Amino acid sequence: MSAPETAPRPLPPALAGLRGGLRTIWTHRKARIGLIVLGLFVVLAVLAPWIAPYDPKDNSFGRSLAGSAQHWLGTTAAGEDVLSQLIHGARISLLVGFGAGGISTIISVVIGLCWGYVRGLPGEVINFVVNLFLVIPGLPLMIVVATYLSDGGISVIIAVIAITGWAWGARVLRSQTASLRGRDFVEAARFSGERAPRIIFREILPNMTSLIAGGFFGAATAAILAEAGLEYLGLGDSTIVSWGTMLYWAQNSNALLTGQWALLFAPGLCIALLATSLTLINFGIDGISNPRLREGSTGR
Amino acid sequence: SLQIRSRPDPTIGPDTMLVAGDKGTPTFTANFNPFHANKRTAASILYEPLIWINPLDGELVPWLAESWDQPDPQRIVLTLREGVSWHDGTPLTGEDVDYTFRMLQDFPANDVAGAWGRIDTLEVDGRTIAITLKSPDSPALPVIGQTVIVPRHLWEGVADPSTWRNEEPVGSGPFQLGTFTALQYTLDRFPGHWQASSIDIEHLVYPAASEELDLVTKGYDWAYAYMSDVENTWMAANDANRYWFPPGGIIGLHPNHDVAPFDDVDVRRGLALALDGRQVAEVAAEGYMDEASQSGLLLPNQEDLLDPSLPERGIIGQDTQAAIAAFEKAGFTYDGTTMRTPEGEPFTFAITTANGYTDWLRAVQEVQRELGAIGIAVDIDAPQPAAYEANLSSGDYQVAVGSSNGSDAFQGFSNLMSGEYYVPVGETSQNNRIRYRSAEADELITRYRASVDEAEQSEILHALQRLFHTDLPVIALYYGGLWGLYNQARFTGWPTAEDPYAPLQTYGSSPLLVLTRLRRAQKEAS
Amino acid sequence: MTGTETTTGPRDTPGGEAPLLSVRDLSVVYEPVGATPTRAVKDVSFDVGRGEFLGLVGESGSGKSTLGFAITALARPPARIEGGRILFGDVDIASMDHEQLRTQRQGGFAMVLQAGMNTLNPVRTIRQHFGDIFAAHRHVAPARREARAAELVRRVSLGPEVLDRYPFELSGGMRQRVTIALALSLEPQLMVFDEPTTALDVLVQHAVMDTIRALQAEEGFTAILISHDLGVVLESAHRVLVMREGRIVEDAPSADILHRPQHEYTRMLLSHFADPRAEHVSLPGIEAPEPAADGPDGPDAPAADGPDGPDAPAADGPDAPAADAAAADAPAADGPGRRRPGAGLELRVEGVTKSFAPPRRRAAGVLAVDDVSFTLAPGGATALVGQSGSGKSTLAKMITGVEKPTAGTIHLGSTSIGPLRGRALRELRRTVQMVFQDPYSALNPLSTVEYTLTRALANLTDLRGPALRRRMLELLETVGLTPVEQYAAKLPHQLSGGQRQRVVIARALAADPQVIIADEPVSMLDVSLRAGVLALLRDLRERTGMSLLYITHDLLSARLITDDILVLHEGRVVEQGPTAQVMRHPRDEYTIRLLEAIPDPARVHGA
Amino acid sequence: MRYFLQRGGWFALTLWAAITLNFLLPRMMPGSPADAAIAKLSQNGPVTEETRRAVEAQLGVPDGSLIQQYVDYLRQILSLDFGVSYAFYPEPVSGLVAQALPYTLVLVGLVTIASFVIGTLLGVLAAWRRGTWMDALPTVGGSFLTTFPYFWTSLLLLFFLGYVAHLFPTFGAFSATTQPGLDWGTVVDAVYHAALPATTMLITSLGGWVLGMRNAMITTLGEDHVTFAEANGIPGRTVALKYAARNAILPNLTGFGMALGGVVGGSILVEQVFGYPGIGFLLFNAVTGQDYPLMQAIFLMITVSVLVANLLVDILYGILDPRTRR
Ligand SMILES: Nc1ncnc2c1ncn2[C@@H]1O[C@H](COP(=O)(O)OP(=O)(O)OP(=O)(O)O)[C@@H](O)[C@H]1O
Ligand SMILES: Nc1ncnc2c1ncn2[C@@H]1O[C@H](COP(=O)(O)OP(=O)(O)OP(=O)(O)O)[C@@H](O)[C@H]1O
Ligand SMILES: [Mg+2]
Ligand SMILES: [Mg+2]
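Chains as they are written, first to last, in our numbering: chain L, 865 to 1164; chain Z, 12 to 537; chain C, 4 to 610; chain H, 4 to 329.
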């Protein structure tokens, strides 16, 4: 237990935890694949303007062309290059995934932690609000809010997904908080004169990093799928280039009839791949929050 | 690549037509009340109007009324056809006409065309229907004439015809209701119809499943749908498949005339000159439609109404230099990258379109691109259709994409430009939502209403076209199409560009005429 | 068979009879994914004869449980048997396949797991537990199963009504007995008890051990008792194995261990064992104050005690200098504004009662504390003892303002603690501080020692900037964690249990409190670490003059560091007086039972 | 008694808040029901002021203050009268819902239950045979399928198995020519029509249950009572089912309750793609058609069923977990 005398001065604990967490994730085979795939998508998204052969909205090409050397995946019914759209689409999906996933995670962290920490009436009130959000049907609510805010572009989509998607995470974090709250170090912090917000966010929160990270990747996956669904239903902003809108236009211009297989296949596959990469990363994170889930066999 | 071919249902006989005329959402509700917005589309051929109006050019064709007369601009006299009978065998008489109009008066919810907004008195005497209008109003004839007549003996007992669903319809049309399920209904030939000899089709089948994929794969004989890449989809799926896409309205930019700077004609002209209508049509409608004439007419349908003095048949081509000049005339400045308003701000505005109207959306995107080229930044607002309607009605927009100027040329100008309909921003109106005011337009419209002389009417229409062309109440972009798809293997006599007797709409009263003209390609060997 | 067969030697088998269990060069390694492997058992060899009662002692983490799992063939990944053989009778258990292993659980070897209260399936009744075992082995005819189950629970002194209960409806002691009964139902030849009493209350612990001893005597099975408590093991076992860092360092009959310990580690363990009832009680590094009759002991008197020095185990290096330092520069280390000893505030508890709402509907409310009154003089040290659930912690919570009394008042000087809320309550933390029971959970695993201490200082004192850090380092020095700079930067997992508890104490000292409440501050620590922490507590009290309320169920430690004692039973004070006097001449029957429950190997093996 | 009052109180309060939200949400949407109807009409050409007036008169578009509407709405709910739909004017809302509900309940309900049962069993197997292919296949396969956008999976199945291969029907819950009844032929026909939507929903939802159960089960398998059961020689199957799975399923029940409650809402995207006449499609029409009464009725139904499903799960929880019994 005792540390060697020559131990190097440790990193700030949060950073050290992060580094340790990343290392644990990296050692997990599935999670490593997930990180690599996600990394590829991020590179694709960041470098989209340089990688993509054309401007995704350049509609000066022939309509509904089949794949060729100029247009690997053909063109859309409006004469845009499918490959370029696919590459640029990664930006929106990542933006929505990380944006909406991030915001809803923040909401669920703030609410979940306070909910788990406070007792009595305020707790009941939060309980009530969260239950309400859990009870109100998600996708319909999303549709209603999306129609209400229909002309704000992608930021509205992000907001809508975030607003409708935090409640479940809050519930999970609440129970974890409630159990951490009973730990002596929380009581001890109170004895050190700490105030509630600091106890919640400085003492309790860092101990749930992996749970929160897991929640974040879960929320990001859900957000990516939700964005695609909303765009597909035509309730998003059809002028942006995203995988969801690509599917919307594919359906709208009957890509199946015009033989634009790539237009139909590729965006869905990309969504699935991106979401899979996040899920794979979550396998690794599960291993951190619950060491029993780390790879291994039961020997049976 | 994999070619999708149609696979007609072999059980459908040569006397039966498969029509994609009614889309289930996803199933059908049995509502055959012809006055309802939610009626089954076939209700429009189960019941017949007094006058059939051609949606292509507004031509009036005698239908239940065999003739009419407008002795003066405030009077209409119609003569009811003889020998017409209801599906149940009861003869259709003036009493039914009288009942129908009284019913519309009592239940304004059913008065969809607003006939009683114009009728002062209505007398039916045998087959003569004499109408006095509230004011000199010669264009009231098509409005009143399109009223469908319902049987008094069946409707009289209905407590509230405006909420009645009329599930077992009895009309006078060429077809009567056969079977009805939530996913499909059929119509059967009505042998007692006054045109029975012209009805060669025995059965019509209306399935609820009428997505584009269904149209192509299920062997439909007649459909009305915008089909992307029609040559390689619809046409390629079956050798006998054909299409005909005549114009049916003008899709244009509707500036809000109560919002600066769109009240300035130079700005509107600048916008019109900056845009390449042909390119917009190309992008929005995959080249199937033409750029629209700024005459306000549907060309070529209404070629005979066109004012010959208009240059280029009223089409305003793209002329960037002229556009910039027009803007500069309005006090704008252009430095080669940014168009600035007289106040020195970069000129940006929002175009409102309805979410889900994909051709409009593509058109706006093209407009955005083209205006961007002369330094004007356009934002796109795409609220849901209901919100779009609400925004336009209340004037809560800067510029909107909209459709105007249908088959009735005068009605088109009047609805759009009449100061009579003007309401300020904040109040709602369905006509003149662009909030246009012009003394000249008002004067022309009043004159037209008071005229029953064709030559004078034509002359006024020319003046309206010139006004539309110079004052640009709406900036015409391209024609909205009437997306007719048909198969000529089993039925012939379809309307075409060469014989444009009716559009191929499967809704409204178009089918009345089309279905009575079509002939079976092969008769059964019986 | 009775406990007379003590002839079994360590390596050879007596009378040619084959040992029941023979372990040869056994090594077990833990290989968790993504972490460094731990060799928990290293080259262990020993034999167990039939009917023998073998004890296995060693501090936490020495590999006792690992060994227990290995010899009952329950080792599961990440544990892996790296080498060696385990012969049960004459079968190598490694050669048994899954099904053979399973079937031999009946009539073979059984194990009662550590933390026995959690080894029952919470959603099955006790009857179903028995039923599953009978169904699995079919060694009891279906018609007799009911009677057999009742018989088994009776053997562990429980009534047949427990059969219909769910585990959560039983107390910890009852659950532990049920697990023993379940293991018994297998009619095993060898039974391994892994710390069967550790989590239990003193009195219950005593009763359960009695049960185990009686059962072993009656049934004659071979038993291996794993425990970290040398007293318990010596009292029961014929022979004792002492384990340390995965190796067996001593293997001898109990009497020899008690009287002639060979290994230095065994001697260290023994030296931390004392009887609180004795006239003079001392542990390495700490000596109990003399009974009151010997005259009032000045606060400075015992400070002359040497450090844990020579007796302290060499293995626990980092702790050793602690006491050294504490003793060496006692007054110098004190911060500015130090109070005179005895100049603090008096804590007066008057007629305090606390009742809790019933945990379930229709159940009666819990009267956790019932009309308790006492006074803690400035600079005084009072012990609060009593079995689990007697209301000790509840009382502590009321004194610290965490809970509000239902009736009665608590005064600190002139301040009434009951009505304090919010800000005023935070102010109270400057005067009343708490040392927590479990140093492993009382420190945020993600905060450095420096952060933990600095926060307390920043909140509770007016120090800021460099002064803050200086004071923080001073505190570390006070609790003997030197070199201070090095310790300041450490995270809790880099510290031993004793060092952690010192940090916890340092934090409590941050505000220069006048009253410290220590709720079982050493019960989670290994014996080798206890004395150091206790010495520190006593020393601090004497140097700073703060008063100490020491909560424990361990009478020995109460004897060592307190002057007065309160014995709490079901929320009421049953006996009260000077510590030494109460221990030596208890009057209340409950106190007597408490004292009797303390294991006394001398009773078995002679003094 | 107090406990029940308290719980009942929270239930009622949640219900009330949800009902109120259901009232407010649609009204927050821009545009009125008439605007929606006109938007639909205007796709067939410009609509005149006269037509708008007729449409408004037909729909009886809500008037009166918001408070008045709210009071009427509450009264309607109490009398279980949900009024007349706007989008399907003049169909009564109750009729529309009654027509759509059975399809959704059967299709989505059965799929949800099947998915939970199959997924949980696979999760048990995966955890028990950890590290083998029986673990890898369901966990990796299941979670990969879960990441597919399910409308996309639907589209692919519909296109290839429906339109291209002509193996399955592409639209509706029964054949166009059958009049739905309760005979054997109809049932076969209905199953045939439900096959593709059911498959999509099943494969995209299975992974979640597999993973949830597997993780819970692995955690449970590490607990002492499982080791003790093994130490007592209890056979593997009994340990897996009665000692591990039995306990591990408890946390998943909450999710199952939510899912069951959500069944009533149908599956908007799947029903939309397959033209399935369930509540999901109806709801989509209601939302896009600004159909307040229909939206309110469906939202209310969903809310109540989620609440009730949760209540049922609570009860079930009590039966399965003696610790919560009171
Ligand atoms: N699952 C595990 N994975 C990795 N290391 C483990 C595991 N279980 C135990 N160890 C390590 O093996 C060593 C021996 O542990 P073991 O549980 O046998 O100790 P013990 O003597 O029973 O201690 P205690 O008295 O605390 O029960 C310890 O260092 C411990 O950290
Ligand atoms: N918050 C609470 N709600 C209800 N009952 C409680 C609560 N806290 C304690 N109790 C009950 O009060 C009694 C006294 O508990 P307390 O924790 O004070 O005992 P203790 O002497 O500290 O025991 P231990 O030695 O196990 O720590 C117990 O019966 C306990 O169950
Ligand atoms: Mg152990
Ligand atoms: Mg306690």
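Cβ coordinates follow ideal geometry from the N, Cα and C atoms, glycine included.
Keep in mind the model is a prediction, meaning the values are calculated, not measured.
Of the residues L:1136, L:1011, L:1145, the one placed nearest residue 957 of chain L, counting alpha carbons only: L:1136
Short CB-CB distance (under 8 Å) between residue 169 of chain C and chain H: yes
Test: residue 986 of chain L CB closer than 8 Å to a CB of chain H: no
Proximity test, residue 440 of chain C beta-carbon vs ligand 3 heavy atom, cut-off 7 Å: no
Ligand 3 site residues, beta-carbon cut 7 Å against heavy atoms: C:67, C:68, C:117, C:197, C:198, C:229
Beta-carbon gap between residue 85 of chain Z and residue 152 of chain Z smaller than 8 Å: no
Closest residue to residue 544 of chain C among C:259, C:555, C:518 (Cα-Cα distance): C:518
C-beta contact flag for residue 405 of chain C and residue 568 of chain C at 8 Å: no
DSSP beta-bridge partners of residue 436 of chain C: C:519
Rounded C-alpha distance that separates residue 337 of chain H from residue 424 of chain C: Residue 337 of chain H lies beyond the range of chain H shown here (4 to 329); nothing can be said about it.
Under the three-state DSSP convention, the category residue 349 of chain Z falls into: coil
Where the segment 46-73 of chain H meets chain Z: residues whose CB sits under 9 Å from a CB there: 46, 47, 48, 49, 50, 51, 52, 53, 54, 55, 56, 57, 58, 59, 60, 61, 62, 63
For residue 1126 of chain L, the nearest candidate out of L:932, L:907, L:908, L:889 (CA to CA): L:932
Residues that residue 221 of chain C bridges to, as DSSP identifies them: Partner(s): none; residue 221 of chain C has no beta bridge.
According to DSSP, residues forming a beta bridge with residue 357 of chain C: C:372
Backbone CA spacing between residue 866 of chain L and residue 499 of chain C [nearest angstrom]: In this prediction, residue 866 of chain L scores a pLDDT of 40, lower than 50, which makes its location untrustworthy; no coordinate-derived value is stated.
Neighbour flag for residue 284 of chain H against chain L, beta carbons, 8 Å: no
Identity of the residues DSSP links to residue 487 of chain Z by a beta bridge: Z:263
Candidates C:574, C:538, C:400, C:450: closest to residue 435 of chain C by CA position: C:400
Own chain, CB closer than 6 Å to residue 304 of chain Z, minus 5 neighbours either side, in chain order: 310, 324, 325, 326
Span separating the alpha-carbon of residue 81 of chain H from that of residue 309 of chain H: 19 Å
Same chain, Cβ closer than 7 Å to residue 181 of chain Z, neighbours up to 5 away in sequence not counted: 97, 98, 99, 162, 165
Proximity of residue 283 of chain H and residue 275 of chain H at Cβ, strictly below 8 Å: yes
Same chain, Cβ closer than 6 Å to residue 883 of chain L, five either side skipped, listed in chain order: none
Cβ contact check for the segment 1090-1103 of chain L and the segment 900-914 of chain L: 3 or more pairs under 8 Å: no
Euclidean distance between Cα positions of residue 325 of chain H and residue 550 of chain C: 46 Å
Between the CA atoms of residue 114 of chain C and residue 2 of chain C - distance to the nearest angstrom: Any property of residue 2 of chain C remains undetermined from this structure, which presents chain C solely from 4 to 610.
Distance, residue 112 of chain H Cα to residue 201 of chain H Cα: 10 Å
For residue 195 of chain C, the nearest candidate out of C:592, C:542, C:24 (CA to CA): C:24
Stretch-stretch touch, CB-based, cutoff 8 Å, three pairs: the segment 510-528 of chain Z with the segment 248-261 of chain Z: yes
Cutoff 8 Å: residue 168 of chain H Cβ touching any chain L Cβ: no
The segment 520-532 of chain Z in contact with the segment 240-248 of chain Z per 3-pair CB rule at 8 Å: no
Residues near residue 1147 of chain L by beta carbon distance below 7 Å, same chain, minus five either side: 892, 894, 895
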